[in-house]
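Q: Can you keep this structure in mind? I'll have questions shortly.
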Amino acid sequence: MEIYNLVSFVGIWGLLLLAWAFSTNRTVINWRVIGWGLLLQAGFALFIFVVPAGASFGLLINSLVVKVLESATAGSQFLFGRLALPPGTTNTQGETSLGFFLAFQALPTVVFFAALMQALYYLRIMPWIIRAFASVFTRFLRISGAESLCAASNIFVGIEAALTIRPYLPTLTRSELCTILTAGMATIASSVMALYVFILQPQFPLIAGHLVSASLLSAPAAIIMAKLLVPETETPVTLGVNITPCYEREGSLTEAIIQGANAGLRLVAGIVALLLAFLGLIALLDLLIGVPGTWINQMLGVEIDWSLRGLLGYLFYPLTLLVGVPPADALEIARIIGERAVATEVQGYQDLSRLLAAGLLQHPRSAVIGVYALTGFAHVASLAIFVGGIAALAPSRTKDLAALGPRALLAATLACLLTAAVAGTFFQNTSLLFP
């Protein structure tokens, strides 16, 4: 074990202490939930990072996702030709790629994966998998069935997870609402996972396996942080009870695919809109901050990065060190984690890809921890989406959701860092996942 593995292990407890410090009621925290949540995380991380069979399973998942992703590009290449070819590739007509274009190569895969997921729902495969995970959470963590089902759903889908517990939303406790919001923002949806794979795979060939692993680890992490920050003080209606997912099944497989594709198209439009709006606003803010910042640097003779990315990097720098990133890479990783909070995880993954392509990271574990820390929708735009989306399903809870939103965003951010710390604790260069 390297010294940085030990640092990551200590970081786990540091993050828990930080969450405890911001708790709304420290005296009623259910430490059984926290303990079993950590054991679930540690057990899965041990299986993936240390046990050869687990690493082989990770490789299998990675290969499967990559093969499916290759199929997903068939439609985009038909529509966009050379623009859809990944960098360095040639199609059957002998045309070569023009380089990487997010809009023509990565975003179309979101539509494909959304349609695929909807088809799996229609075939009752996804509901069965989700119920299995939910049963584990309910049994070992002793939380409500509604929380378990929503957290399990968030491993695979985004805001749609709230639909699976729609009948229970009006009666959820404040702690349950915080858990649901946190689980949504601390994980990623499988429909957008393909986007991240496309961005990072050229520099990180086994990224798909790690993204799946990170999403699985983040579900219990979300429950841990939510229950620390907003402990349960009431008795949930579905406490300890496994409930059945509530979802409308289409009339045919074809209808399911059409519905999924349409949902994926709306998701792509949302991603494009968020990137256009937030990146433009961040550039404007950088301009407004940069002018007085440059003057301050000249006056004091210092070299401070006054961009929003740079300032957030300084804020997250101690936490990045805490989760086990070596000091040589800590500031760069801190910047992309901080950037995710305002510019979405898409920009963070793109910047991580550029760091890897330029060889600017000195330690392999830095990239791994960065990936696990970024795997979640823990940003301002997502907060608005989840609060607004769930409020639309349960209008009577709008006030509670709005009040809990910022705390849930903090919990989701800490959950992503906790997942990164757990990954850093078990990271080994000799694992099959790190050839």
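One point on numbering: in my numbering, the residue at position 10 of the sequence shown is 12, and numbering is uninterrupted.
The C-beta atom is built at its ideal place from N, Cα and C for all residues, glycine as well.
Model, not experiment: these values are computed from the prediction.
Is the beta carbon of C418 closer than 8 Å to that of A360?
A: Translated into positions along the sequence shown, residue 360 becomes position 358. Translated into positions along the sequence shown, residue 418 becomes position 416. In this structure, C418 does not lie closer than 8 Å to A360 by Cβ.
Q: First and last residue of the alpha helix (DSSP H) that includes H212?
A: Stepping through the sequence shown from its first residue, residue 212 is reached at position 210. Start and end: 209-231.
Q: According to DSSP, T92 sits in a beta bridge with which residue or residues?
A: Within the sequence shown, the letter at position 90 stands for residue 92. T98.
Q: Give the range of the alpha helix (DSSP H) segment to which L18 is assigned.
A: Counting from 1 along the sequence shown, the entry for residue 18 is found at position 16. Element bounds for L18: 5-23.
Q: Along the chain, where does the alpha helix (DSSP H) that runs through P329 open and close?
A: Here the question's residue 329 lines up with position 327 in the sequence shown. Unbroken alpha helix (DSSP H) run through P329: 329-359.
Q: Give the secondary structure of S177 by DSSP, where H, G and I count as helix, E and B as strand, and everything else as coil.
A: Translated into positions along the sequence shown, residue 177 becomes position 175. Three-state DSSP puts S177 in a helix.
Q: How big is the Cα-Cα spacing for T294 and V304?
A: The residue given as residue 294 occupies position 292 in the sequence shown. The residue given as residue 304 occupies position 302 in the sequence shown. Checking the sequence, you will find Pro at residue 294 rather than Thr. Taking the straight line joining both Cα atoms gives about 13 Å.
Q: Within 10 angstroms of its Cβ, does V149 collect 16 or more other Cβ (buried), or is it exposed?
A: For the purposes of this step, residue 149 is taken as residue 147 along the sequence shown, with counting starting at 1. Rather than Val, the amino acid found at residue 149 in this sequence is Glu. So E149 ends up on the buried side.
Q: From the DSSP output, which residues share a beta bridge with S146?
A: Looking up residue 146 in the sequence shown gives position 144. For S146, which the question treats as bridged, DSSP gives the partners L241.
Q: Between L411 and L179, is the Cβ-Cβ spacing less than 8 Å?
A: For this step, residue 411 is matched to residue 409 along the sequence shown. For this step, residue 179 is matched to residue 177 along the sequence shown. For L411 and L179, no; Cβs fall outside 8 Å.
Q: For L118, decide whether its Cβ has a neighbour in chain D, counting only Cβ atoms nearer than 8 Å.
A: Absence of chain D from the displayed structure is noted, only one protein chain being present.
Q: Within 10 Å of its beta-carbon, does A386 have 16 or more other beta-carbons around it, so buried, or fewer, so exposed?
A: Mapped onto the sequence shown, residue 386 falls at position 384. Classification of A386: exposed, given that the 10 Å Cβ count is below 16.
Q: Taking the straight line between their C-alpha atoms, what separation do you get for P437 and N431?
A: If you number the sequence shown from 1, residue 437 lands on position 435. If you number the sequence shown from 1, residue 431 lands on position 429. With a pLDDT of only 49 at P437, under the threshold of 50, the placement of this residue in the model should not be trusted, and no figure is reported.
Q: Quick check: the Cα distance between P328 and H365, rounded to an integer number of angstroms?
A: Along the sequence shown, read from residue 1 onward, the residue named residue 328 stands at position 326. Along the sequence shown, read from residue 1 onward, the residue named residue 365 stands at position 363. Cα to Cα, P328 sits roughly 7 Å from H365.
Q: So which of G326, L143, R311 has the shortest CA-CA distance to I338?
A: Position 336 of the sequence shown, counted from the first residue, corresponds to residue 338. Of G326, L143, R311, the residue nearest in Cα terms is R311.
Q: I'd like to know whether the C-beta atoms of I190 and T377 end up nearer to each other than 8 Å.
A: If you number the sequence shown from 1, residue 190 lands on position 188. If you number the sequence shown from 1, residue 377 lands on position 375. In contact: I190 and T377 (Cβ atoms closer than 8 Å).
Q: Do L208 and N64 have their CB atoms nearer than 8 Å?
A: Sequence index remark: in the sequence shown, residue 208 carries index 206 (1-based). Sequence index remark: in the sequence shown, residue 64 carries index 62 (1-based). Their beta carbons are under 8 Å apart, which means L208 touches N64 by this criterion.
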